[in-house]
Amino acid sequence: MIRILGRATSGNVQKVLFFLEEIGLKYAREDYGRLFKNTDTDEYRKMNPNMKVPTLIDGDLVAWESHTILRYLTATHNPSLTGATPAEKTYVERWMDWNLGALNTPYVAVFKDAKKPEAERSADFAAQSADLIAQLKILDGHIKGKAFFALDKLTIADISLAPVVKRCLEFPIERPEFAELTRWLKSMEARPAFAVATGAKPSTLASAA
């Protein structure tokens with residue numbers, strides 16, 4: 062059985078859980094992270110030199126980086142969640158790479174400081190918030206009139222974006238309405254797999270660690 066090492070509240074872990082729940086694949090999730098003081102150990106470092114989550118264990122394979130894990134699971138368990146050709150896959154994977162390359166930095170910065178009093182926020186909070194809003198505008202524009210981010214179907218583009226976008230739209234910062242992006246997110250939230258991944262309902266697939 063596939064094992065996922067990572068705390069359930071991690072956005073990156075939630076991406077993987079969303080995938081597993083969506084395709085109905087049984088798995089075991091184990092609590093790992095700084096809160097549990099078990100990622101900064103020699104044992105964990107041998108599996109994941111970054112000492113972050115998630116880490117996937119599937120037989121002899123140990124994999125880390127959430128998007129690498131999504132690509133692996135797609136290839137081995139449900140290829141329909143990406144493109145059927147190399148060209149089609151570019152439409153899916155560009156959003157996965159963009160997520161990490163463009164959205165992640167302002168997302169993490171705002172995530173860390175949004176709930177702090179203004180005096181305790183980082184000096185670049187306003188700039189990071191503005192960058193986050195600029196990136197969300199890109200998403201909002203792309204998804205206008207569409208149900209999914211690529212290929213007119215659910216793919217790992219949507220699966221990788223949804224947990225992060227949910228948090229971004231919940232940050233207590235001033236921002237535009239982003240009506241199209243909000244509509245898309247609501248459609249993701251309506252999927253039982255996403256509800257499980259984000260803790261809104263219990264899993265019937267996950268085994269106790």
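To convert a position in the sequence shown, counted from 1, into the numbering used here, add 61. Each residue gets a CB set at the ideal place from its N, CA and C atoms; glycine is no exception. All of these numbers come straight from a predicted model, not from anything done at the bench.
If we ignore side chains and look at the alpha-carbon of each, how far apart do Leu266 and Glu179 end up?
-> Answer to the nearest angstrom: the Cα atoms are 42 angstroms apart.
Considering only the beta carbon of each residue, do Lys87 and Ser268 sit closer than 8 angstroms?
-> Yes; because the gap between Cβ atoms is below 8 angstroms, this pair is in contact.
For Ala218 versus Ser248, is the C-beta distance shorter than 8 angstroms?
-> Not in contact: Ala218 and Ser248 (Cβ atoms no closer than 8 angstroms).
Just confirm the distance between the C-beta atoms of Ile220 and Val171, as a whole number of angstroms; I'd bet it's less than 8 angstroms.
-> Between Ile220 and Val171 the beta-carbon gap is near 22 angstroms, outside 8 angstroms, which marks them as no contact.
Beta-ladder partner(s) of Glu91, from DSSP | According to DSSP, which records beta bridges pairwise, Glu91 is partnered with Leu66.
Name the residue from Val123, Asn109, Val225, Lys173 whose alpha carbon lies nearest to the alpha carbon of Ile64.
-> Checking the displayed sequence, the identity of residue 64 turns out to be Arg instead of Ile. Minimum Cα distance to Arg64 is reached at Val123.
What number of angstroms, rounded off, separates the C-alpha of Ala261 from the C-alpha of Ala188?
-> Going by the C-alpha atoms only, they are around 32 angstroms apart.
How about Phe165 and Leu222: do their beta carbons lie closer than 8 angstroms?
-> According to the sequence shown, residue 165 is Asn rather than Phe. No, these two residues do not count as a Cβ contact at 8 angstroms.
Does the distance from the C-beta atom of Val226 to that of Leu200 stay below 8 angstroms?
-> A contact, by the Cβ cut-off of 8 angstroms.
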